[in-house]
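Here's the structure we're looking at; comments come further down.
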Amino acid sequence: MAEIIQERIEDRLPELEQLERIGLFSRAEIKAIIKKASDLEYKIQRRTLFKEDFINYVQYEIHLLELIQRRTHIGYSFKKDEIENSVVHRVQGVFQRASAKWNYFRMELMHAEKLRKEKEEFGKASMGVENPDYSEEILKGELARIIYKNSVSIIKGAEFHMSLLSIAQLFDFAKDLRKEIYDE
Numbered sequence: 055m056a057e058i059i060q061e062r063i064e065d066r067l068p069e070l071e072q073l074e075r076i077g078l079f080s081r082a083e084i085k086a087i088i089k090k091a092s093d094l095e096y097k098i099q100r101r102t103l104f105k106e107d108f109i110n111y112v113q114y115e116i117h118l119l120e121l122i123q124r125r126t127h128i129g130y131s132f133k134k135d136e137i138e139n140s141v142v143h144r145v146q147g148v149f150q151r152a153s154a155k156w157n158y159f160r161m162e163l164m165h166a167e168k169l170r171k172e173k174e175e176f177g178k179a180s181m182g183v184e185n186p187d188y189s190e191e192i193l194k195g196e197l198a199r200i201i202y203k204n205s206v207s208i209i210k211g212a213e214f215h216m217s218l219l220s221i222a223q224l225f226d227f228a229k230d231l232r233k234e235i236y237d238e
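Right, dumping it as structure tokens:
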């Protein structure tokens, strides 16, 4: 486990050295970034995984990216995209690992679609639907909307919105949710 974390930290060193060389960060700030990143890496590499650790890691990387963007007022643009892209790719990788483990958003939409299909089949068979699982809010994807709202309040960024939008596009009944994601 330590080797993987060490390798990931070493992969960050060129961009951090570049940030130090151009004057965006001091030597002490680079050391603090490395320390914080290795602490967060250890948390997401242990056997027992917690959603909060992944969220904290993503938030830290997003805050680091925002700090880099704020400090670019010095007018340095050489390799700026390369540095920012590496941070974005790290965030995407961590988010993909977390969403593979805790895939609530997609599961809620799939559950709502299953209930809609069952209700439709019962309707075709002229059977009365007395099941309390068929609440209209669930059938409209309201639970998925609540998960979406909670997620975007924690994880900011257009890429996250786009990933949720791509999931919502898989389900035809989620057009209100898609519109809401587009509007935001």
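Take the sequence shown: its letter number 22 is residue 76 in the working numbering, and every next letter is one higher. Yeah, the Cβ is synthetic: ideal placement off N, Cα and C, and Gly gets one too. All values derive from a computational prediction rather than experimental measurement.
Since residue i contacts residue j with CB under 8 Å, what's their CB separation in whole angstroms?
i	j	result
A29	F104	Because residue 29 is not part of the residues shown, which for the chain are 55 to 238, the question remains open.
I200	H215	Not a contact, Cβ separation roughly 16 Å.
Y202	L231	7 Å
I88	I63	6 Å
V142	E213	7 Å
E106	I122	About 24 Å; that fails the 8 Å criterion.
Which stretch, first to last residue, makes up the alpha helix (DSSP H) that contains residue i?
i	result
Q150	134 to 155
E71	56 to 75
D93	81 to 99
I209	It is not in any alpha helix (DSSP H) - I209 carries neither H nor E in the DSSP assignment.
Q223	Run containing Q223: none; DSSP gives neither H nor E here.
L121	105 to 125
E234	229 to 237
Measuring alpha carbon to alpha carbon, tell me which of the options ends up nearest residue i.
i	options	result
S217	E61, V145, T102	V145
R66	M55, K90, G77	K90
H117	S92, L231, A228, G211	G211
T126	E57, N139, G77	G77
S205	K97, N110, P68	N110
E95	G129, H143, N139, V112	V112
A228	P68, V141, M55, A198	A198
E196	D93, G147, A222, G129	A222
M55	I122, E83, R100	R100
I208	Y114, D226, S140	Y114
P68	G147, S140, F149	S140
A102	K233, S220, K155, L219	Sequence check: residue 102 is Thr here, not Ala. Comparing Cα-Cα distances from T102 to each of K233, S220, K155, L219, the minimum goes to K155.
Are the stretch 70 to 83 and the stretch 129 to 141 in contact at 8 Å, needing three or more beta carbon pairs? yes
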